Amino acid sequence: MSEEVPEESRGSRRHRFSRRLKGLALPVIVGLVFVGIGGAVTYYGINARPQNTDQSIRLPTPVSLRPCEVLDRAALVPASGALFGVNLDMEARTLAEYSFNLGHTPAVTVVSTGFPYNGEEKEDLQRAADQIRAHGQTMLLTLEPVNGLDAVTEESAATLARDLAAVNNGGVPVFVRFAPEMNGNWTPWGQQPARYIAAFRTLASAVHAQAPGSAMMWAPDYGGGYPSSGGQFDVKPGTADFTALDTDADGALTANDDPYAPYYPGDDAVDWVGMSLYHWGSAFPWGENELPEANKFASQLTGNYLGANGDDTPAPDFYEVYGVQHGKPVAIPETAALFNPAAGGETELAIKQAWWGQLFDPATAARFPQLKMVNWFERDEDEVEVNGRVDWTVTKTAQIREAFTAALPDWLHYGPAEACAPRR
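My numbering puts the first residue of the sequence shown at 179, with every later residue one more than the last.
#1: Starting from D560 and walking both ways along the beta strand (DSSP E), at which residues does that stretch end?
#2: Pick out the complete alpha helix (DSSP H) segments inside the stretch 454 to 531, 4 residues or longer, and give them in chain order.
#3: Residue ranges of each beta strand (DSSP E) run of no fewer than 3 residues wholly in the stretch 541 to 598, ordered along the chain?
#4: Throw me the rounded Cβ distance for the E298 and T291 pair, which I believe falls under 8 Å.
#5: I'd like the list of long-range same chain contacts for R379, defined as Cβ closer than 6 Å, with 5 residues on each side in sequence excluded.
#6: In angstroms with no decimal places, state the Cα-to-Cα distance between N279 and R557.
#7: Measuring CB atoms only, is the stretch 429 to 440 touching the stretch 335 to 353, in the sense that at least three cross pairs come out at less than 8 Å?
#8: CA-CA distance, Y483 and E526?
#9: Go through its chain and collect everything with a Cβ distance to Q410's Cβ below 8 Å, but skip five positions before and after it.
#10: Does K530 pass the burial test, meaning 16 or more other C-beta atoms within 10 Å, or should it be called exposed?
#11: Taking DSSP's pairing of strands, which residues face W450 in a bridge?
#12: Among residues of its own chain, excluding the 5 on either side of Y404, which ones have a beta-carbon nearer than 6 Å to its beta-carbon?
#13: Please classify R545 as buried or exposed, where buried requires at least 16 neighbouring CB atoms within 10 angstroms.
#14: Going by DSSP, what residues sit across from E322 in a beta bridge?
#15: Indicate whether the contact test is met: 3 or more Cβ pairs, each with one atom in the stretch 508 to 519 and one in the stretch 563 to 573, closer than 8 Å.
#16: Below 8 Å on the Cβ atoms is my contact criterion, and I expect M395 with D428 to pass it. Report the Cβ-Cβ distance as a whole number of Å.
#17: Identify, in the order they occur along the chain, each residue of the same chain with its Cβ nearer than 8 Å to the Cβ of Q478, setting aside the five sequence neighbours on each side.
#18: Look up F538 in the DSSP assignment and say whether it is helix, strand or coil.
#19: Measure from the alpha carbon of A384 to the alpha carbon of each residue in S460, G263, T331, then state which is nearest.
#20: Less than 8 Å between the CB atoms is what I'm expecting for P470 and W533, so what's the real figure, rounded?
#21: Taking a contact to mean a Cβ-Cβ separation below 8 Å, would you say G349 touches R311 in this structure?
#22: On the premise that Y374 lies in contact with Y441, defined as a C-beta separation below 8 Å, what is that separation, rounded to the nearest angstrom?
#23: Kindly examine the ligand SAH and report whether one of its heavy atoms sits closer than 7 Å to the Cβ of T571.
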């Protein structure tokens, strides 16, 4: 390798939780009455923002709605294949429009909020659940403790569990992705293994006891390039956290230390494990339109990546350790391939098709039977890492959409074709 890649730049993705995921803005059905509700997620929550609906998309008549089925968390794991979901910019397109273009209702819709949330944010989460009931199936709720892990208490956990139970009883199962990327140094909850585990277990205990239709997801950042340095929340030498993260006990944090195990909350607390994997390009600096290397997705999932972006082979095999040895269903909560409209290089179709070709290859399902969820990051937005716009989408334009939908394999599972009504 001619030049070593900077540690802070070597990870496969550099999404930071310094922004809120955009929320839902679409027509919904509540009970047996049509109600127009919209929302957009701000930095601190999901705020209602009505918008006009797409009149070309017809909703079922109220009298035709079937009662919602209330699923137990164990029933959320497909016996074979994987759930297909989306992280959608609802300010640009409604979930109804996305489903129409995809030709399927997504089985999972990703939303996000700060935690603990206030009364207004609680109402917004209910609106999100109503919208997913109408045009989706399950919610992947990302909880971000932006004020630190000490904000997670028995009281806030009990409140969350009660709210989730109400959402579940309304027909919407929830995957709770609490404080993802906790092994990074760019969030207020990062690189604090003891406090993170305690907070996760506090939430899991309450959710498991009170919300049987909700599952806890543990989702660290990809271990390539670990540990990052120079971040605002770097772990300090001489602390108990530093000692816990120094898994080879050599007195330093290096790529040879396990990026996952010190943060694992335990099999009794974790229902699902997840890791978001993106193709940001071949190597830092990001922003060039480059094809993904062959087998990049599988190599990163298994800790075997060795290529243009460096040597990530010290990272453990995430799939084997947590999917096989721990027996947990594995999710890819977010994935996509970078296309920079302002740059030259490979075409948008070539880049994205090469990436989804790896995701949807028959060999992927055969090799990774514990892979139970794949969610596409369907957004066109500015990225700090590129200092410009990145189009991650696959359904926005006809050419890409037709190629993508034609490539969807039969081992993916989608949501129901029709909405349901909450049981009274």
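C-beta atoms are modelled at their ideal positions from N, C-alpha and C, and glycine is treated no differently.
Given the structure is predicted, the values throughout are model-derived calculations rather than measurements.
With the structure as the only source:
#1: 558 to 561
#2: 474 to 479
#3: 549 to 556, 558 to 561, 566 to 569
#4: Rounded, the Cβ-Cβ distance is 11 Å, inconsistent with contact.
#5: P443, A447
#6: 15 Å
#7: no
#8: 24 Å
#9: N363, W364
#10: buried
#11: M395
#12: P437
#13: exposed
#14: G292
#15: yes
#16: With a Cβ gap of about 32 Å, M395 and D428 do not count as contacting.
#17: S190, Y400, G402, L455, D490
#18: coil
#19: T331
#20: 5 Å
#21: yes
#22: 6 Å
#23: Looking at this structure, you won't find the ligand SAH or any other ligand, since it has none at all.
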